[in-house]
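Asker: Numbering (the working numbering), first residue to last: 917 to 1324. Where a beta carbon is used, it is the ideal one built from N, C-alpha and C, also for glycine. Could you have a look at this structure, given as structure tokens, before my questions?
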Amino acid sequence: MIEAFIPTLSLILLLKYAMKKRLIVIVIYLIIFNIVFFIFVFGEGSWEVIRLSYMLAPFALSLIINMQVILAIFFREKGAGYVLLSSFAPPLFFSFWDFGFIIPSHPLMIFYQFDALYKILPRFNRNIINIIILYVLPFFFLLPIRKSMFLIIIMFLFFFIRWKMVEQEKLGIKVLVVQTGMFLSKHDKIVELRNEIFKYNNADIVIFSESPAIGFKEGSRIAFTHNLLDEIKAKNDNKLYVLNNYGFVDGKKYKYNYNLSLYVMNGSMRIKAKNKLVPFWEVPGLFYSKSGWESKFFSVPLEKMREQYKFRGININSYICYEAMFAKHASDTNDLTIIQSNYESFKKGYDRIVKNGNILAYVNKSSGFNSFISVQNMGGTVFVDNTGKFHWDIYKKSVKQAVFLFEI
């Protein structure tokens, strides 16, 4: 936990410099902070990400903070009060207009994982409110020390009193976690995945990770996907199956070139397409463009798809990997937020990247900080209950066992 304080303390020191030092000193320290925070998040995998992003990744990760510092330099002659007020603008603006690649990511978000700290951090129902508070909080240290400490202590006490009384409420459902890539790496035949899934008769919800193995695009196991979907639809077993599909074919007429979540229950199906695609990976450039079925890239649907799925009175919403990193705008509250992820590309520093990525996704997408589960393709599934507690025992189990059942 002590290590997690380094990026935050670096940021506070940077803000102090921004109020007094020459521009060249501030720029140098800003670059250092960007690199320190990036390495903290990505660990051993930092250099590979930096290289593939043409050295831009560290500055993109901290872009909102960088904009806050620029405004601080601009307003510093007017005093700390003006700088504090200006710090609200970047997180507010970029939470709504993220342009598909500006991710709310702040050193303070990392503290949600710790049992000793998560109850004194903001957990309002609107994610954007929490994000803005986290981004603005370090700027209080620019005020006179007595005033800043008084305000921060009062704020933390308010959060603690408000959320200390929240008791854990179980949804009473058994979730079967299917980490597809991890399972296939240990078995020769994909049909064994089907056999393993159907062993668990007492599961209520079956959640698949994001994986290119399931789908209808070139490179996916198309015949297996057809057979699996047909069998699931025919079962009528009152279970909800949340699959991830790379492309979807509806009969012989419609081809959906989406990376999508597929909800299947008692023969009925509903799709929810991923609406934030990874630049240069899932789309050919930085911004979205429509891609045809034969393309290796995906498209984003023009029409807005229904977000929530209701299962036994429980409101569920799901997101796929990269799109979970962006602030949730809708005011609707979900009882369970599901993330389907695939961090397989991160060969180095996998454990660190998966943990930090899931923490950022939790802060940005968990609805009202209710129950949250992120299913990873190669192991590293995370579960957070409605009190905000990270259940790291589930994580430890997931790195050893590809398919497992637990109750939430």
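Give a yes or no on contact between the region 1277-1284 and the region 1029-1045, applying the rule of three or more CB pairs nearer than 8 Å.
Answerer: The answer is yes - the region 1029-1045 touches the region 1277-1284, with three or more Cβ pairs under 8 Å.
Asker: Where does glutamine 984 sit, in a helix, a strand or coil, going by DSSP?
Answerer: Taking the first residue of the sequence shown as position 1, residue 984 is located at position 68. Looking at glutamine 984 - three-state DSSP - the assignment turns out to be helix.
Asker: Looking at valine 1319: is its Cβ nearer than 8 Å to the Cβ of isoleucine 1113?
Answerer: Against the sequence shown, residue 1319 aligns to sequence position 403. Against the sequence shown, residue 1113 aligns to sequence position 197. Against a cut-off of 8 Å, the Cβ pair of isoleucine 1113 and valine 1319 comes out as a contact.
Asker: Quick check on the DSSP output: the alpha helix (DSSP H) that includes arginine 1186 runs from which residue to which?
Answerer: To locate residue 1186, count along the sequence shown from 1; it is residue 270. No alpha helix (DSSP H) holds arginine 1186; the beta strand (DSSP E) holding it covers 1184-1189.
Asker: Report buried or exposed for valine 1107, applying the criterion of at least 16 other Cβ atoms within 10 angstroms of its Cβ.
Answerer: Counted from its first residue, the sequence shown places residue 1107 at position 191. Classification of valine 1107: exposed, given that the 10 Å Cβ count is below 16.
Asker: Return the bridge partner residues of glycine 1131 from the DSSP annotation.
Answerer: As a first step, residue 1131 is located in the sequence shown; it is residue number 215 there, counting from the start. DSSP lists Tyr1162 as partners of glycine 1131.
Asker: Is the separation between the beta-carbon of valine 1329 and that of tyrosine 1238 shorter than 8 Å?
Answerer: One cannot answer for residue 1329 here, as it falls past the ends of the chain, which runs 917 to 1324.
Asker: Rounded to the nearest angstrom, what separates lysine 1192 and isoleucine 1044 at their Cα positions?
Answerer: Mapped onto the sequence shown, residue 1192 falls at position 276. Mapped onto the sequence shown, residue 1044 falls at position 128. Going by the C-alpha atoms only, they are around 18 Å apart.
Asker: Could you tell me which residues DSSP pairs with methionine 1181 in its beta bridges?
Answerer: Indexing the sequence shown from 1 puts residue 1181 at position 265. In DSSP, methionine 1181 forms a bridge with Ser1184.
Asker: So, helix, strand or coil for valine 1093, using DSSP?
Answerer: Counting from 1 along the sequence shown, the entry for residue 1093 is found at position 177. DSSP places valine 1093 in strand when its eight states are reduced to three.
Asker: With a 10 Å radius around its C-beta and 16 neighbouring C-beta atoms as the bar for buried, classify glutamine 1084 as buried or exposed.
Answerer: For the purposes of this step, residue 1084 is identified with residue 168 of the sequence shown, where counting begins at 1. It counts as exposed.
Asker: Can you tell me which residues form a DSSP beta bridge with serine 1287?
Answerer: On the sequence shown, position 371 is the one that residue 1287 refers to. Beta-bridge pairing links serine 1287 to Leu1252.
Asker: Going by beta carbon distance, what residues of the same chain come within less than 8 Å of isoleucine 1310, once the five residues before and after it are set aside?
Answerer: Within the sequence shown, the letter at position 394 stands for residue 1310. Hits under 8 Å: Thr1297, Val1298, Phe1299, Phe1322.
Asker: If you count every other CB in all the chains shown that lies within 10 Å of the CB of asparagine 1175, and 16 or more means buried, which is it?
Answerer: Taking the first residue of the sequence shown as position 1, residue 1175 is located at position 259. Burial call: buried.
Asker: Whole angstroms are fine: how far does the CA of phenylalanine 1009 sit from the CA of leucine 1246?
Answerer: Position 330 of the sequence shown, counted from the first residue, corresponds to residue 1246. Position 93 of the sequence shown, counted from the first residue, corresponds to residue 1009. Just to set this straight, residue 1246 is alanine in the shown sequence, not leucine. Each residue's Cα considered, the two are about 16 Å apart.
Asker: What residue range is occupied by the uninterrupted beta strand (DSSP E) comprising isoleucine 1232?
Answerer: Here the question's residue 1232 lines up with position 316 in the sequence shown. Unbroken beta strand (DSSP E) run through isoleucine 1232: 1230-1236.
Asker: Within 8 Å, do at least three Cβ pairs link the region 967-986 to the region 1010-1026?
Answerer: The region 1010-1026 is in contact with the region 967-986.
Asker: Output needed for tyrosine 1116: all residues of its chain with C-beta closer than 6 Å, excluding positions within five of it in sequence on either side, in chain order.
Answerer: The count along the sequence shown starts at 1 and reaches residue 1116 at position 200. Contacts found: Leu1092, Leu1321.
Asker: Just mark leucine 927 as buried or exposed, buried being the case when its beta carbon has 16 or more other beta carbons within 10 Å.
Answerer: As a position in the sequence shown, residue 927 is number 11, starting the count at 1. Leucine 927 should be labelled buried.
Asker: What does the alpha-carbon distance come out to for the pair serine 1002 and serine 969?
Answerer: Position 86 of the sequence shown, counting from 1, holds the residue named residue 1002. Position 53 of the sequence shown, counting from 1, holds the residue named residue 969. Answer to the nearest angstrom: the Cα atoms are 30 Å apart.
Asker: Judging by CA-CA distance, which residue of Pro974, Ser962, Val1082, Tyr1204 is the nearest neighbour of serine 1215?
Answerer: Residue 1215 sits at position 299 when you count from the first residue of the sequence shown. Per the Cα distances, Tyr1204.
Asker: From alanine 988 to threonine 1249, what distance separates their C-alpha atoms?
Answerer: For the purposes of this step, residue 988 is taken as residue 72 along the sequence shown, with counting starting at 1. For the purposes of this step, residue 1249 is taken as residue 333 along the sequence shown, with counting starting at 1. For alanine 988 and threonine 1249, the distance between alpha carbons rounds to 35 Å.
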